[in-house]
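In what follows, a structure is listed as structure tokens, so that the remarks can point back to it.
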DNA sequence: GATTGAAGATGACACCTGTCATGCGTGCGG
DNA sequence: CCGCACGCATGACAGGTGTCATCTTCAATC
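Residue numbers (the working numbering), protein chains in the order written: chain A, 586 to 785; chain B, 586 to 785.
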């Protein structure tokens, strides 16, 4: 019997997946969580064989959840199920030590099978994503990424500088670096490109 | 027996919902589609009592699907299930003549009930969204909306002017109008605000 | 036919951005 | 210890942006 914890912030999908998987004879749902923090508590308490998790969740992302489970030294393996086929995400997922990475447009019939294979110690990757994973390294530094996110929200250089305790000119330097690394023409395009590639 | 067609572009959620709802004794899945065009074909062919559809789908959106069903004079009622609680969406949905509007973080247990009530001719709205619907009218003109979308992608005023056959100054005037209507500080913030409210 | 109003254009001004050269500390490997 | 990269800052310049007053068309309306 495979013990499974589900973490997914969309209630409807979470419920549906739980119902679906509980129909399998060899899978038992130990619990389901609407955010990463709850999921971590459930994993620590139930020590399931597999945790099936979304990436983008309030509080703690699925990637951070996976990393924390590793750090705790738990045996629980992580299966990421996400909407995004952005190259950067898969790379960061593998670095976080996940055992599987599927897209939300995988047929649900393959899901139970993926859970079984992961419980058995195999690695399951969405087909066609494997090579793409190492295609382009994320060129952004942490600071560039952080400032780009603020710029994306519409803050001007001065506002970003105030928020980050930097000088206005320094903010523009960082954004300039990000823009040129990404081959963009301005901060808006840079943010868009970075987001498309999963670097934001 | 309620005949139901499902339209949802995420395979996993589509499958899961179909499985879930087919467990109900009084509901029968006549078909499921991954985009609006397919859904329209299925509806025209099967004439189901209810079509459960996402909004954002490739090709034909759920709102356009609902409007087309009305135009065809079919009896099929539409139930929108979407991620977004943007006020503009609900307003446009009601204008398109839908019978129900639920969010994807509704518990899936309420879904079958919503389908039944819609089949019975009732109207089902996500709680708390009802009043919000008419809260803020979309203040943007079509041109402002179009130019704002281009600006959002990172194009500068000159590039937008070239693309739209306008003068650079005119583009800036339109964006200025959009910015001030939305109470934003610049075009980036304006685009973000408009998108959050469902006006883009 | 005169009036009104919307859509688009122009020009001017202050301010913001992108770019680049340069300077200053701090820490780290040789 | 020296050098040197790195993070951060400064100043300057060209070009982009936000704002506003004003003008021209052109179609709708009275």
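No residue lacks a Cβ here, since even glycine has one placed at the ideal position from N, Cα and C.
Could you check whether the Cβ of residue 693 (chain A) sits closer than 7 Å to any Cβ belonging to chain B? Interface criterion met: the Cβ of residue 693 (chain A) is under 7 Å from a Cβ in chain B.
Does the region 642-657 of chain A come close enough to the region 750-765 of chain A that 3 or more CB-CB pairs lie under 8 Å? Not touching, per the Cβ criterion.
Report the neighbours of residue 770 (chain B) on chain A: residues whose CB is nearer than 8 Å to its CB, in chain order. In chain order: 739 and 741.
Can you tell me where the alpha helix (DSSP H) holding residue 751 (chain A) begins and where it ends? Taken as a continuous stretch (DSSP letters only), residue 751 (chain A) belongs to no alpha helix (DSSP H), as it is neither H nor E.
What separation, rounded to the nearest whole angstrom, lies between the Cα atoms of residue 701 (chain B) and residue 587 (chain B)? Whole-angstrom Cα-Cα distance: 8 Å.
Where residue 775 (chain B) and residue 696 (chain A) are concerned, what is the direct C-alpha to C-alpha distance, given to the nearest angstrom? Distance between the alpha carbons of residue 775 (chain B) and residue 696 (chain A): 41 Å.
Report the three-state DSSP secondary structure of residue 658 (chain B) (helix, strand or coil). Of the three classes helix, strand and coil, the one that applies to residue 658 (chain B) here is coil, per DSSP.
Helix, strand or coil at residue 645 (chain B) according to DSSP, with G and I counted as helix: It is coil, neither helix nor strand.
Using a C-beta cutoff of 7 Å, does residue 605 (chain A) count as contacting chain B? Yes, its Cβ sits closer than 7 Å to a Cβ of chain B.
Rounded C-alpha distance that separates residue 593 (chain B) from residue 690 (chain B): Cα to Cα, the separation comes out at about 15 Å.
Step through the CB atoms of chain A and report whether any lies within less than 7 Å of the CB of residue 677 (chain B). Nearest CB-CB separation between residue 677 (chain B) and chain A: not below the 7 Å threshold.
Report the three-state DSSP secondary structure of residue 764 (chain A) (helix, strand or coil). In the three-state scheme derived from DSSP, where H, G and I count as helix and E and B as strand, residue 764 (chain A) is classed as helix.
Would you check if the region 600-608 of chain A and the region 599-606 of chain B touch, i.e. whether three or more CB-CB distances between them fall below 8 Å? As far as the Cβ criterion goes, the region 599-606 of chain B touches the region 600-608 of chain A, which means the pair count is three or higher.
Span separating the alpha-carbon of residue 771 (chain B) from that of residue 622 (chain A): Cα to Cα, residue 771 (chain B) sits roughly 36 Å from residue 622 (chain A).
Any C-beta of chain A within less than 9 Å: which residues of the region 753-784 of chain B qualify? Residues 769, 770, 771, 772, 773, 774, 775, 776, 777 and 778.
Check whether the region 648-656 of chain B touches the region 675-688 of chain B, counting contact only when three or more Cβ pairs, one atom from each stretch, lie closer than 8 Å. Yes, since at least three Cβ pairs between the region 648-656 of chain B and the region 675-688 of chain B fall closer than 8 Å, the two stretches touch.
Below 7 Å on C-beta distance, what does residue 690 (chain A) contact in chain B? Near residue 690 (chain A) (Cβ distances below 7 Å), the residues of chain B are 595, 596 and 597.
What are the start and end residues of the beta strand (DSSP E) that includes residue 615 (chain A)? Here the beta strand (DSSP E) through residue 615 (chain A) covers 612-618.
Check whether residue 729 (chain B) and residue 763 (chain B) have beta carbons under 7 Å apart: Against a cut-off of 7 Å, the Cβ pair of residue 763 (chain B) and residue 729 (chain B) comes out as a contact.
Integer Cβ distance of residue 628 (chain A) from residue 659 (chain A), believed to fall under 8 Å: Distance from residue 628 (chain A) to residue 659 (chain A) at the Cβ level is roughly 7 Å; contact confirmed, criterion being Cβ atoms closer than 8 Å.
If you draw a straight line from the C-alpha of residue 666 (chain B) to the C-alpha of residue 637 (chain B), how long is it? Between residue 666 (chain B) and residue 637 (chain B), the C-alpha separation is close to 7 Å.
Our contact map puts residue 670 (chain A) next to residue 687 (chain A) with C-beta atoms below 8 Å; I'd like the distance itself, whole angstroms only. Contact between residue 670 (chain A) and residue 687 (chain A) does not hold, since their C-beta atoms are separated by about 10 Å, which reaches or exceeds 8 Å.
CA-to-CA distance, residue 698 (chain A) to residue 750 (chain A), given in whole angstroms: Straight-line Cα distance between these residues: approximately 50 Å.
Can you give the Cα-Cα distance for residue 747 (chain A) and residue 726 (chain A), rounded to whole angstroms? Taking the straight line from one Cα to the other gives about 20 Å.
Integer Cβ distance of residue 673 (chain B) from residue 783 (chain B), believed to fall under 8 Å: With 8 Å as the limit, residue 673 (chain B) and residue 783 (chain B) qualify as a contact, their Cβ atoms being about 3 Å apart.
In the DSSP output, which residue or residues are listed as bridge partners for residue 674 (chain A)? Within the DSSP bridge table, the entry for residue 674 (chain A) names no partner.
Checking contacts by CB at 7 Å: is residue 699 (chain B) closer than that to chain A? For residue 699 (chain B), no CB of chain A lies under 7 Å from its own CB, so it is not counted at the interface with that chain.
Determine which residues share a DSSP beta bridge with residue 685 (chain B) and list them. Here residue 685 (chain B) is bridged, per DSSP, to B:664 and B:709.
Cβ neighbour criterion (16 or more within 10 Å) applied to residue 656 (chain A): Its Cβ having fewer than 16 others within 10 Å, residue 656 (chain A) is exposed.
Where does residue 589 (chain A) fall in DSSP's three states? Strand.
Hey, does residue 602 (chain B) have any beta-carbon neighbour from chain A nearer than 7 Å? Yes, residue 602 (chain B) counts as interfacial toward chain A.
Any idea if residue 608 (chain A) is buried or exposed, counting beta-carbon neighbours within 10 angstroms, 16 or more meaning buried? Exposed is the call here.
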